[in-house]
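Novice: 270 is the number that this note's numbering gives to position 129 of the sequence shown; each next residue is one higher, with no gaps.
Virtual Cβ for every residue (Gly too), placed ideally from N, Cα, C.
Quantities reported herein were computed from a predicted structural model and do not represent experimental measurements.
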Amino acid sequence: MPFDLFDGLEVLVEFLSFGSSSKSSSGSEKNATNSKKSKYTTELWSGSFLVIASILYFIVFKDPFPEENYIQSALICILIGFAISFILFFSLYHLGPFYFKSPFKLILFSSSVILLLISFVLFMYYQSGIFL
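1) To the nearest whole angstrom, what separates the beta carbons of LEU256 and CYS218, a pair I think is in contact under 8 Å?
2) What are the start and end residues of the alpha helix (DSSP H) that includes SER251?
3) In its own chain, which residues sit with a C-beta less than 7 Å from the C-beta of LEU258, not counting the 5 before and 5 after it?
4) Of the choices THR182, SER269, VAL254 and TYR234, whose alpha-carbon is the least far from that of VAL192?
5) In the structure shown, what three-state DSSP assignment does GLU208 receive?
6) Apart from the five residues on each side of it in sequence, which residues of its chain come closer than 6 Å, Cβ to Cβ, to SER162?
7) By alpha-carbon positions, which one of SER243, PRO238, PHE230 and TYR267 ends up nearest to SER251?
8) Report buried or exposed for PHE190, applying the criterion of at least 16 other Cβ atoms within 10 angstroms of its Cβ.
9) Three or more C-beta pairs closer than 8 Å, one from the segment 232 to 252 and one from the segment 181 to 189: is that the case here?
10) Tell me the DSSP secondary structure of TYR234 in three-state form.
11) Using the C-alpha atoms, what's the distance from GLN213 back to LEU197?
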């Protein structure tokens with residue numbers, strides 16, 4: 142479905158009218174509890190992805206690589222990881238849940254997912270024994 146300019150303007154107007162409208166105190170208290178509960182969700186997911194990726198990198202790199210074309214194999218695995226992460230981010234963007242409040246959260250989440258997917262591809266490639 143192509144992006145319509147008027148849909149984007151409608152979202153912008155709704156966002157601006159949401160910020161200027163006054164709500165009751167009970168509604169704002171309810172929003173405060175929800176935002177306090179989910180304040181560090183992005184950092185939590187990113188941290189857990191980084192921990193899993195570091196464990197997978199440790200498992201992959203504890204043994205030396207096979208001597209035949211190891212640089213080429215590692216580069217192919219990295220490119221496959223980037224391609225999978227691009228497909229994931231593209232689908233998340235079109236489904237809607239790929240928005241962040243700050244650029245730091247976007248960079249943290251994106252880099253942790255990219256590192257996780259690259260480590261997963263490297264783990265599958267070198268530890269499975271199917272491709273060697």
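Specialist: In terms of the structure at hand:
1) In this structure, LEU256 and CYS218 do not form a Cβ contact; the two beta carbons are roughly 13 Å apart against a cut-off of 8 Å.
2) Where SER251 is concerned, the enclosing alpha helix (DSSP H) starts and stops at 244 to 269.
3) Closer than 7 Å at the Cβ level, and outside the excluded window around LEU258, lie GLY222, ILE225 and SER226.
4) Check the Cα spacing between VAL192 and each of THR182, SER269, VAL254 and TYR234: the tightest is with VAL254.
5) In the structure shown, GLU208 sits in coil (DSSP, three-state: anything other than H, G, I, E or B).
6) Reliability of the predicted coordinates at SER162 is poor, the pLDDT of 47 falling under 50, and no value is obtained from them.
7) If you compare the alpha carbons of SER243, PRO238, PHE230 and TYR267 with that of SER251, the shortest gap goes to PHE230.
8) Residue burial is scored here from C-beta neighbours: PHE190 has at least 16 other C-beta atoms within 10 angstroms and is therefore classed as buried.
9) Touching, per the Cβ criterion.
10) Three-state result, TYR234: helix.
11) LEU197 and GLN213 have their C-alpha atoms roughly 20 Å apart.
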